[in-house]
Amino acid sequence: MSGLRRWFEGRSRREQRMLLAMLALLFVTIVWGLILRPLGDALSSARERHAAAVIRLGETADRIDALRIARGRRVQPLSGTLADTVRLRAEEAGFPLASLDPDANGAVRVAIQSARGAALTAWLARLERNGILVESATLTDNGDRTVAARLVLRSRAA
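Using the working numbering, the first residue of the sequence shown is number 59, and each one after it goes up by one.
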């Protein structure tokens, strides 16, 4: 240690100040690189995990509420035949039916030539909430942002 002190004292005043400034900058760099930067990264990661957990919690709470509502809701029986009900609900939603054929086992086969995909799936979800189940659905892209649909629908009571 005394050799280092003699070496330092052997430098000119200007060189001593430059060496001290260099050591101070080295100390600041080491503190920033080994302490502050990893702490900042850890806090950022913790914030991201917390935000993701809050979003998952909200989504889970929404799903639980939807399940509670679905359990408490009783499905109303259809007022007419299944074919008449589907035809009426399709007209209300603005979907022109290409065909609507009753099936032998209580289902109906429905063909829709052109409909927006999002609107069609929302309509199918409303049908299912009201007791009309989608037994099968085949959606085909028309190439013009619409789809053609072939559906087999059945009443939940049947």
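Ideal Cβ placement from N, Cα and C applies to all residues, glycine included.
Small disclaimer: the values here were computed from a predicted structure and weren't measured.
For a test of the three-state rule: what should DSSP assign to residue i, helix, strand or coil?
| i | result |
| --- | --- |
| R69 | coil |
| A169 | strand |
| A216 | Note on A216: pLDDT 45, under 50, position unreliable in the model; no value is reported. |
| S103 | helix |
| D202 | coil |
| L195 | Here residue 195 turns out to be Ala, not Leu, going by the sequence shown. Correct three-state label for A195: strand. |
Hey, would you say residue i sits closer than 9 Å to residue j, going by beta carbons?
| i | j | result |
| --- | --- | --- |
| L197 | A206 | yes |
| A173 | T204 | yes |
| R208 | L191 | no |
| P160 | A141 | yes |
| A151 | V168 | no |
| S77 | F85 | Reading off the sequence, residue 77 comes out as Leu, not Ser. The answer is no: Cβ separation not under 9 Å. |
| V210 | A165 | yes |
| R217 | A128 | Residue numbering for the chain in the displayed model covers 59 to 216; residue 217 lies beyond these limits and cannot be assessed. |
| G189 | L136 | yes |
Work out the CA separation of residue j and residue i for me, nearest whole Å.
| i | j | result |
| --- | --- | --- |
| A162 | A156 | 20 Å |
| A216 | H108 | With a pLDDT of only 45 at A216, under 50, the local geometry of the prediction cannot be trusted, and the value read off the model is given with reservation. Going by the C-alpha atoms only, they are around 47 Å apart. |
Should residue i go down as buried or exposed, given a rule of 16 or more other Cβ atoms within 10 Å for buried?
| i | result |
| --- | --- |
| L185 | buried |
| L81 | exposed |
| F153 | buried |
| I88 | exposed |
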